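*Asks:* Heads up: the protein sequence lines correspond to chains A and B, in order. Once you know that position 66 of the first sequence is 66 in my numbering, the rest is easy, because the numbers rise by one and skip nothing. Once you know that position 96 of the second sequence is 218 in my numbering, the rest is easy, because the numbers rise by one and skip nothing. Heads up, the beta-carbon is just placed ideally off N, CA and C, and yes, glycines get one too. The structure presented is a predicted model; accordingly, all values stated were derived computationally and were not measured.
Protein chains: 2
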Amino acid sequence: MPEKSKAADPLSIPMEKLTQPAILLLLHRNEAHGYDLIQKLSQARFIDSDPDTATVYRALRRMEQDGLVVSSWKHGEFGPARRQYRLTPEGLKLLEEWIGRLEERKKQIDSFIGYYRDTQGD
Amino acid sequence: MPEKSKAADPLSIPMEKLTQPAILLLLHRNEAHGYDLIQKLSQARFIDSDPDTATVYRALRRMEQDGLVVSSWKHGEFGPARRQYRLTPEGLKLLEEWIGRLEERKKQIDSFIGYYRDTQGD
DNA sequence: AACATCTATATGCATCGAACATATACTGTT
DNA sequence: AACAGTATATGTTCGATGCATATAGATGTT
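#1: Quick check on Y85/A - is its C-beta less than 8 angstroms from some C-beta in chain B?
#2: Going by alpha carbons, who is nearest to Q206/B out of L214/B, E212/B, H197/B and G213/B?
#3: Within the same chain, show all residues whose beta-carbon is closer than 7 angstroms to that of I135/B, passing over the 5 residues directly before and after it, in chain order.
#4: Measuring CB to CB, does I169/B end up less than 8 angstroms from L102/A?
#5: Looking only at its own chain, which residues have a Cβ that is under 7 angstroms from the Cβ of M123/B, when we skip the five neighbours before and after it?
#6: Starting from S71/A, follow the beta strand (DSSP E) in both directions and report where the run begins and ends.
#7: Am I right that V192/B and E186/B are in contact with their C-beta atoms under 8 angstroms? What's the rounded C-beta distance?
#8: Please check if any C-beta of chain B sits within less than 8 angstroms of the C-beta of D9/A.
#9: If you measure from the beta carbon of K106/A to each beta carbon in chain B, is any gap under 8 angstroms?
#10: Keeping to the same chain, check which residues put their C-beta closer than 6 angstroms to that of W98/A; ignore five residues upstream and five downstream.
#11: How many angstroms separate the CA atom of D188/B from the CA atom of P132/B?
#12: Expressed to the nearest angstrom, what Euclidean distance is found between the alpha-carbon atoms of L25/A and R204/B?
#13: I'd like to know if I160/B contacts chain A, where contact means its C-beta is closer than 8 angstroms to some C-beta of that chain.
Right, dumping it as structure tokens:
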């Protein structure tokens, strides 16, 4: 019986590592399983460091609890069974909110750097 | 006997809230005491929410341990005694590193948004 | 004098994301 | 049989943050 995770608002997840939003982003383009995502994330330019496997798998579980993704088992092909994840409409909606948040973040950073440059100019 | 804080690298502080770098930024322009900084931070555009007083005072203490700022007591003027903080050369150096980090962060965000737009285009 | 309010600094406690280590298990290769 | 690669998952710890609370001097009001 999957319950919603304690943090009622998935946006409360800090934007520091961008792990959760990066997963949303990748799943928006293609379905994937956890291990696949870990490899894609380690190559992606939009996160700064290789994500921890534990962080990714836990994020996926939590995201499924929150209805952002859904999973189904795929076995027998080759290697161990994999949990294939795909984005839900809710997940897409959250991704769009993240895009907006990141646009805001850019402005914030510009404000920070602008203040610094102005101080230098004195 | 002030010892260095456990986190050897002050850059390990997450860039989520920007509290510590914002303090560096404000002190770069003017000396200030904690309460003063709290008020300035609540007006500043370069952080998203009013910082918690506990966070600010704790950050200042830690930053002094790390040699980023120095403090001196100012009494008798009006109101209770205040701890006046000013930036050290080390603090300035760290601020410059933060500027560089934030420039990188902007690129990272652009990469994120770019990936999203490309996916939309399919 | 008593009282509330503002200024100013500081600590205690609980929460939560992330890092690191570790466990489990199936598949393919030598 | 041994080992490397694929794949998912949990236990434990750590640090930053948020909320509540404590302390105390200065100022204003009745």
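*Replies:* Taking the definition as stated:
#1: Reading the first sequence from its first residue, position 85 is the one you call residue 85/A. By this cut-off, Y85/A is not an interface position.
#2: For the purposes of this step, residue 206/B is taken as residue 84 along the second sequence, with counting starting at 1. When each option's Cα is compared against that of Q206/B, the closest is H197/B.
#3: Position 13 of the second sequence, counted from the start, is the residue given in the question as residue 135/B. For I135/B, where only same-chain residues beyond five positions count, the Cβ hits under 7 angstroms are Q142.
#4: By 1-based counting over the second sequence, the position of residue 169/B is 47. By 1-based counting over the first sequence, the position of residue 102/A is 102. No.
#5: For the purposes of this step, residue 123/B is taken as residue 1 along the second sequence, with counting starting at 1. Because M123/B carries a pLDDT of 37, less than 50, the predicted location of this residue cannot be relied on, and the following value inherits that uncertainty. Closer than 7 angstroms at Cβ, skipping near neighbours: no residue.
#6: Walking along the first sequence from the start, residue 71/A turns up at place 71. Per DSSP, S71/A belongs to the beta strand (DSSP E) from V69 to K74.
#7: Mapped onto the second sequence, residue 192/B falls at position 70. Mapped onto the second sequence, residue 186/B falls at position 64. At roughly 7 angstroms, the Cβ-Cβ gap stays under 8 angstroms, so V192/B and E186/B are in contact.
#8: Your numbering for residue 9/A matches position 9 in the first sequence. So, not an interface residue.
#9: As a working note, residue 106/A is residue 106 in the first sequence. Answer yes: the Cβ-Cβ gap between K106/A and chain B drops below 8 angstroms somewhere.
#10: For the purposes of this step, residue 98/A is taken as the residue at position 98 of the first sequence. For W98/A, where only same-chain residues beyond five positions count, the Cβ hits under 6 angstroms are P21.
#11: Taking the first residue of the second sequence as position 1, residue 188/B is located at position 66. Taking the first residue of the second sequence as position 1, residue 132/B is located at position 10. Those two C-alpha atoms are separated by around 8 angstroms.
#12: As a first step, residue 25/A is located in the first sequence; it is residue number 25 there, counting from the start. As a first step, residue 204/B is located in the second sequence; it is residue number 82 there, counting from the start. Approximately 48 angstroms, taken between the alpha carbons.
#13: As a working mapping, residue 160/B is identified with position 38 in the second sequence. Chain A, which has no Cβ nearer than 8 angstroms to the Cβ of I160/B, makes this no.
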